[in-house]
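Chemist: Counting from 1 along the sequence shown, just add 259 to a position and that's the residue number in our numbering.
Take a look at this one; I'll ask things after.
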Amino acid sequence: MKKVEIIGGTWTIGEWHWGRVEEREAIETVEVFLNKYKFVDTAPIYGFGRSEKIIGKVLGNFKRKDIKIMTKFGLNTENGEFFFKTEYKGKKISVYKRADRESIKEECKKSLERLKTDYIDIYLLHFKPSSPSLLNIAETLEELKEEGLIKQWGVCNVNTGDLNILVKNKLKPYCLQFKYNPLFTKPEKSVIPYCRKYKIKFYSYSPFERGLLTGKYNENNFDKEDDRKFLKKEKLEKLKLITEKIKPVALKYNLTIPQFILIYMKTKGIDGIIAGARTKNQAKENIEQFNLNLKKEDIEKAENIFKEFKV
Ligand SMILES: NC(=O)c1ccc[n+]([C@@H]2O[C@H](COP(=O)([O-])OP(=O)(O)OC[C@H]3O[C@@H](n4cnc5c(N)ncnc54)[C@H](OP(=O)(O)O)[C@@H]3O)[C@@H](O)[C@H]2O)c1
């Protein structure tokens with residue numbers, strides 16, 4: 260079977276959109292990611308710098324060449340193309356898309372400072388702006404590569420048409436980050452096959468449907484700063500039902516539901532799974548049994564359960 264990477268997701272520890280995560284817990288969660296996963300995903304917008312800074316606090320304790328860091332650019336809170344309004348710790352913030360040559364170079368410098376490192380392993384466009392074109396953006400990224408500030412570059416949240424423009428112009432991205440989980444399977448139609456055909460790594464994000472596929476939520480008791488509080492009761496009940504049906508299949512292997520989901524996703528022809536964690540214990544649990552494989556009959560059983568409940 261194809262080797263699938265597990266990558267630690269640090270959106271949660273930035274707190275924005277998720278509610279409080281104590282600094283000590285956030286640091287220890289990142290330590291688990293760096294120790295055991297050796298690969299971490301972040302972005303400047305995760306906690307408006309907090310997530311990258313937390314990685315920067317501990318990165319020095321690890322051999323840099325043993326660790327891969329993936330971070331992003333293209334969203335800022337000052338200027339560019341208006342994207343959305345949000346709130347962080349009671350403060351109203353506007354988020355803009357911007358990815359011209361000058362801003363990419365400036366953002367890269369700031370990320371390197373926050374991460375306390377002199378290169379980024381994989382640098383990704385977070386969301387595509389209307390201009391400049393993807394080709395122009397890719398040219399700037401190639402410059403950063405030549406300067407040694409990044410090793411590889413990629414894109415997030417773009418379709419196969421966009422990927423094709425890059426591929427046809429010999430500016431193939433190293434990877435694509437895209438939402439994909441057992442309930443959100445749209446990428447199976449064209450995005451994943453396209454990435455396989457052109458050897459672009461497909462890294463899936465939100466494998467647990469932002470924690471809702473872990474089986475622990477059946478009522479809406481989220482923190483006031485956690486935007487999962489907007490979820491309708493019916494959706495939570497539906498997700499709880501799915502996890503109850505999955506539980507006996509997971510128990511056959513002594514797996515928890517999150518562990519089962521990650522192992523199940525390894526069978527889907529993807530290259531990596533970015534699994535988020537709010538605590539060090541979640542981070543440890545999620546990688547513990549990752550090398551295990553499921554029997555064909557159990558993969559099919561799970562597939563049928565997930566099919567019944569598409570979100
Ligand atoms: N490129 C992009 O546009 C993009 C977009 C989204 C995400 N991402 C990346 O992908 C990563 C993962 O996606 P995500 O954070 O959206 O969601 P996710 O991985 O689907 O869910 C993460 C959440 O699930 C819960 N959880 C995880 N493991 C658990 C366990 N063992 N037991 C119980 N609960 C557990 C935790 O939240 P609670 O404890 O609060 O329930 C955790 O924060 C992000 O951190 C980020 O790095 C990228």
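Idealized CB from N, CA, C, for every residue including glycine.
For the beta strand (DSSP E) holding M329, just list the boundary residues, first then last.
Modeler: Looking at the DSSP string, the run of the beta strand (DSSP E) that includes M329 is K327 to F332.
Chemist: Is it a yes or a no for the stretch 369-379 touching the stretch 306-323, going by three-plus beta-carbon pairs under 8 Å?
Modeler: Taking 8 Å as the limit for Cβ pairs, the verdict is that the stretch 306-323 does touch the stretch 369-379.
Chemist: Ligand 1 heavy atoms versus the CB of K475: any closer than 7 Å?
Modeler: Yes.
Chemist: Suppose contacts are defined by Cβ-Cβ distances below 8 Å. Is A561 in contact with Y512 by that definition?
Modeler: Their beta carbons are not under 8 Å apart, which means A561 does not touch Y512 by this criterion.
Chemist: Using the DSSP secondary-structure output, state which residues sit across from W412 in a beta bridge.
Modeler: In DSSP, W412 forms a bridge with Y382.
Chemist: Residue range of the alpha helix (DSSP H) that I396 falls in?
Modeler: Unbroken alpha helix (DSSP H) run through I396: L393 to E405.
Chemist: Roughly how many angstroms separate the alpha carbons of E547 and Q518, rounded to a whole number?
Modeler: The straight-line gap from Cα to Cα measures roughly 8 Å.
Chemist: Return the residue from the list I313, F565 and C415 that minimises the CA-CA distance to K504.
Modeler: K504 has its Cα closest to that of F565, out of I313, F565 and C415.
Chemist: Whole-angstrom Cβ separation of E521 and N545, contact assumed at under 8 Å?
Modeler: Per the sequence presented here, residue 521 reads as Leu, with Glu not at that position. Sure, about 6 Å apart at Cβ, within 8 Å.
Chemist: Where in the stretch 291-360 do unbroken runs of the beta strand (DSSP E), each at least 3 residues long, occur, reported from the N-terminal end onward?
Modeler: Taking only runs of at least 3 residues, the beta strand (DSSP E) segments lying wholly in the stretch 291-360 are 298-300, 327-332, 340-347 and 350-356.
Chemist: Between which two residues does the beta strand (DSSP E) carrying E264 extend?
Modeler: That run of the beta strand (DSSP E) goes E264 to G268.
Chemist: Looking at the unbroken alpha helix (DSSP H) that takes in L435, where does it start and where does it end?
Modeler: That residue, L435, is in no alpha helix (DSSP H); its beta strand (DSSP E) goes C434 to K438.
Chemist: Restricting to runs no shorter than 4 residues, where is the alpha helix (DSSP H) found entirely within the stretch 495-532?
Modeler: If we require 4 residues or more, the alpha helix (DSSP H) runs fully inside the stretch 495-532 come out as 516-524.
Chemist: Among all the DSSP beta bridges, which residues are the ones paired with K460?
Modeler: Answer is C434, bridged to K460.
Chemist: Which word fits L510, buried or exposed, when buried means at least 16 other C-beta atoms lie within 10 angstroms of its C-beta?
Modeler: Flag for L510 reads exposed.
Chemist: When you compare each of K295, I314, N294 and V291 to T301 by their alpha carbons, which one comes out closest?
Modeler: Comparing Cα-Cα distances from T301 to each of K295, I314, N294 and V291, the minimum goes to I314.
Chemist: Is E366 near ligand 1, in the sense that its beta carbon is under 7 Å from a heavy atom of that ligand?
Modeler: No, ligand 1 has no heavy atom inside 7 Å of this Cβ.
Chemist: In whole angstroms, what is the alpha-carbon distance linking K404 and K491?
Modeler: Each residue's alpha carbon lies about 45 Å from the other.
Chemist: I believe I328 touches V299 by the beta-carbon criterion, under 8 Å. Please report the beta-carbon distance rounded to the nearest angstrom.
Modeler: The pair is a contact, with the Cβ atoms about 6 Å apart (cut-off 8 Å).
Chemist: Applying the criterion that 16 or more other CB atoms from any shown protein chain within 10 Å of the CB defines a buried residue, is K351 buried or exposed?
Modeler: Looking at its Cβ environment, which holds fewer than 16 other Cβ atoms inside 10 Å, K351 is exposed.
Chemist: Can you tell me where the alpha helix (DSSP H) holding G420 begins and where it ends?
Modeler: Here the alpha helix (DSSP H) through G420 covers T419 to K427.
Chemist: Give the single residue among Y464, P441, V508 and G413 whose Cα lies nearest to the Cα of F568.
Modeler: Of the listed residues, the one whose Cα sits closest to F568 is P441.
Chemist: If you follow the alpha helix (DSSP H) that Q541 is in, where does it begin and where does it stop?
Modeler: Its alpha helix (DSSP H) spans residues K539 to E547.
Chemist: Please tell me whether P303 and G339 are closer than 8 Å, where the distance is taken between their beta carbons.
Modeler: No, Cβ-Cβ distance for P303 and G339 is not below 8 Å.
Chemist: With DSSP as the reference, label G278 as helix, strand or coil.
Modeler: DSSP places G278 in coil when its eight states are reduced to three.
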